[in-house]
Every structure is written in structure tokens, then in C-alpha cells.
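*Asks:*
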């Protein structure tokens, strides 16, 4: 006959799950903000010029991307200051373009091979010379559909700065 | 009198709702596709093949030099005027005999300029040291010249601009590409394209030093 009666039994109280959604939402927002939709890590400067007569590119699986531009500051020691070509995620000589395109084409489905488009992402301040060399390589590789990828805008604005 | 506490709302299923949202967004997010000026390269030529002879008046010469200056038909030109000049050249319709005459051209019919848009060629030569932004701006202006003329012909023949037709074609639902309307639209687009084919030739760049 005790005066201080135990109110509860010894069992543990259930852990509250009320804050679980908050944690999930936090994760959701983190990934939404942090996701970068880029396949290749760029080792070159790549600021695309503006144009307004543009067409949408084909589906991603039919597109091969070639980057051209000056090496970024951390790579200038190795590759110098003049424009270079980046294939996939590394800088390569122009003569590798054919092999690169052919390898990519072989990985595609049979139906997509004919519709393959080469997207040329060229820095707006680079010289045309290297682009011409790349185009010559593409002709030799029979990759004839190309697209000069650009930002939508007035091309005359490019020339002012 | 004992106060009755409000019953607690069960929040256990909130997590499921959040996950559902997460998965929904993961699945439906489409990555924005790039856009650019489409172009077609000529196939490699065998060495022994001679390029066909083209009349001088059917060629519209555009040259960009190392200082990014524009030379059109041997005269200095500002890039703002390039589209108008190209339209004037393409739409000239100077052909007189049955084989070369252009029935739909509305140009000046200058005998010194192009015969027929099907024969007219724009030749773009650029110096290796020209900058890419200048090159792209020039290409853009020339493509715009073709687009203007195609729009005009689309308007005349089918009461719809070429731009609007191509947009409708690319927005066509993928499930209905077999329908006759789709084929009809495609036929119309090809017809307009045929009237003003994009004969944009890019010669090997020159390096005059």
C-alpha cells in the first residue's frame, strides 16, 4: 500500500516519427538543388555564343558532343593557351575526333546511327581554325549532321563585347 | 473535472507522402535539351572528281577576315545588312529561259544576279583567325535569310509560315506519327524547302599571311 504508485509500466515510449517527413523533404531539396545535369567535366572554357535561328537538338541518345575552347587555368600548364578539343571528359588532339565519333556511333542502337547528330559546343572567343579542322575530321568520319549549339539570344549582341 | 486532451494526428504516413512526391519528381524531371543551328557537312570528295562548274552570278560570296570584317560580293558590309542582301540575292529570279525561270520569285530580276533560288549558292569563306562568335553570327544571318523566304512561301501556298509548320511537326505527339495529317504536314514542309533549298557552302578557310 504505497502512496507513490507507479504510473507507467517499464516499457519504452515509441519513438516519434513525426519528424521523418522533414528529413525526407530536406533530402529532396538537397538533391534538387545540388543536381547538375552535365555528363562531362569541362577542362576548357566554354561560353556559348548567342543565336536565334536555332533548332532543338535530337534526343540525348542520338547526340555526340565535342567541346572546343581554351584550357581552363588549371590545365594551361599542360595544354598551353591555344584552343583545344575536349572529347568526353578529357582533352585530346584533333586527330582523335574520328575515332571518338566512330566509337560513340558503334555504341548506339542501329536506328539511331543514321540520325546521329554531332553537337559542337565551341567557346565564343575561340578562333574558327580549329573548328574547321574538326569539321574536316567529321566529314572523313561520315558524321555529317552537325549542330552549332548556342544560347538563344541576339547574335549581334555577341559582337559588342 | 479532467480536461480531455486533443487526440494527436498520426503523422506516420507523412513520410510515405513525401517519398511519393520525391519519386514522382525523380521520374518526371526531363533535362532541358540544348538547341543550336543545324547544319549539314558535305561528304568527303574523292580526289579525282572535279567540282561542277557554277556560274559566277549564281554565287553569293561572303568572306570574313581575321579582323572579323565582312566582305560581301567584293564590298564592305555591316552584318546588320547581311540578311537583306542575301534575301535580295536568293529571291532575284533573273533566269529568263524555261529551264531557269523562277515563277514565285519577287525579286528585281536583275540579270547580273542569281537565276533561280534552286541554283543560287551562298559561299562562306572565313579566315582561320576569325572568331567563332562572328562566324556564328554570320551563319545565323544567312540562315535567317532562308527562313524569311520559306516563311513567305509557306504563307502563300498553305497560309501558314514555315516556322510554324516545323514547330507543329516537332511538337507532334509521338503516338500519332502514322496519321495522314502528319504525312501531309511533312509533305508541305518538304515542298517549301524545295523552293528555297539551303545551299550554304563553306569552303576551306584561307590563311593569308
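Protein chains in written order, with the numbering used here: chain A, 224 to 384; chain B, 2 to 210.
Beta carbons: idealized from backbone N, C-alpha and C, even for Gly.
(1) Just checking: is the beta-carbon of residue 41/B within a distance shorter than 8 Å of some beta-carbon in chain A?
(2) Can you pull the chain B neighbours of residue 274/A, defined as C-beta to C-beta under 7 Å?
(3) For residue 163/B versus residue 148/B, is the C-beta spacing smaller than 8 Å?
(4) Mind pulling the alpha helix (DSSP H) runs of 4 or more residues that sit fully within the region 59-146 of chain B?
(5) For residue 347/A, name the three-state secondary structure that DSSP assigns.
(6) Inspect the CB distances between the region 298-305 of chain A and the region 331-343 of chain A and report whether three or more fall short of 8 Å.
(7) Chain B beta carbons: is any one of them nearer than 8 Å to that of residue 375/A?
(8) List, in chain order, every chain E residue whose beta-carbon is nearer than 7 Å to that of residue 28/B.
(9) Who pairs with residue 340/A in a beta bridge, going by DSSP?
(10) Kindly indicate if chain B contains any beta-carbon less than 8 Å away from that of residue 278/A.
(11) Taking 8 Å as the cut-off, decide whether the C-beta atoms of residue 272/A and residue 370/A are in contact.
(12) Counting contacts by CB-CB distance shorter than 8 Å, is residue 248/A in contact with chain B?
(13) Is the number of C-beta pairs between the region 266-286 of chain A and the region 33-44 of chain B that are closer than 8 Å three or more?
(14) Taking the beta strand (DSSP E) that residue 46/B belongs to, which residues open and close that run?
(15) Flag this pair as touching only if the region 115-130 of chain B and the region 179-190 of chain B have three or more C-beta atom pairs under 8 Å; answer yes or no.
(16) Identify whether residue 208/B lies in helix, strand or coil by the three-state DSSP scheme.
(17) Run the CB neighbour count on residue 237/A, radius 10 Å, all protein chains shown included, and call it buried at 16 or more, exposed below.
(18) Under a three-way DSSP split, which group does residue 183/B fall into?
(19) Tell me whether residue 171/B is buried or exposed, calling it buried when 16 or more other Cβ atoms sit within 10 Å of its Cβ.
(20) Check each candidate in 9/B, 193/B, 134/B and 144/B and name the one with the smallest Cα separation from residue 156/B.
(21) Beta-carbon of residue 350/A versus every beta-carbon of chain B: anything under 8 Å?
(22) Can you list, in chain order, the residues of its chain whose CB lies under 6 Å from that of residue 264/A, leaving out five sequence neighbours each side?
(23) What does a CB cutoff of less than 7 Å around residue 209/B pick up in its chain, not counting 5 residues either side in sequence?
(24) Is there a C-beta anywhere in chain B that falls below 8 Å from the one on residue 346/A?
(25) Which of the three DSSP states, helix, strand or coil, is assigned to residue 365/A?
(26) What are the boundary residues of the alpha helix (DSSP H) that includes residue 19/B?
*Replies:* Judging by the given coordinates:
(1) yes
(2) 38, 137 and 141
(3) yes
(4) 83-91
(5) coil
(6) no
(7) yes
(8) Checking the listed chains, one finds no chain E in this structure; the protein chains it contains are A and B.
(9) 286/A
(10) Output row for residue 278/A: interface = yes.
(11) Contact flag unset, no.
(12) Residue-level contact check: residue 248/A touches chain B, since one or more beta carbons of chain B fall below 8 Å from its beta carbon.
(13) Note that the region 266-286 of chain A touches the region 33-44 of chain B; at least 3 beta-carbon pairs, one per stretch, sit closer than 8 Å.
(14) In this chain, residue 46/B is not harboured by any beta strand (DSSP E), its DSSP state being neither H nor E.
(15) no
(16) Legend: pLDDT at residue 208/B = 49, less than 50; position of this residue unreliable, value from coordinates given subsequently. Note: residue 208/B maps to coil in three-state DSSP.
(17) exposed
(18) helix
(19) With fewer than 16 Cβ atoms within 10 Å of its Cβ, residue 171/B is classed as exposed.
(20) Among 9/B, 193/B, 134/B and 144/B, the Cα nearest to that of residue 156/B belongs to 193/B.
(21) yes
(22) 312
(23) Residue confidence for residue 209/B is low, a pLDDT of 42 falling below 50, so the modelled location carries little weight and cannot support an answer.
(24) yes
(25) coil
(26) 15-29
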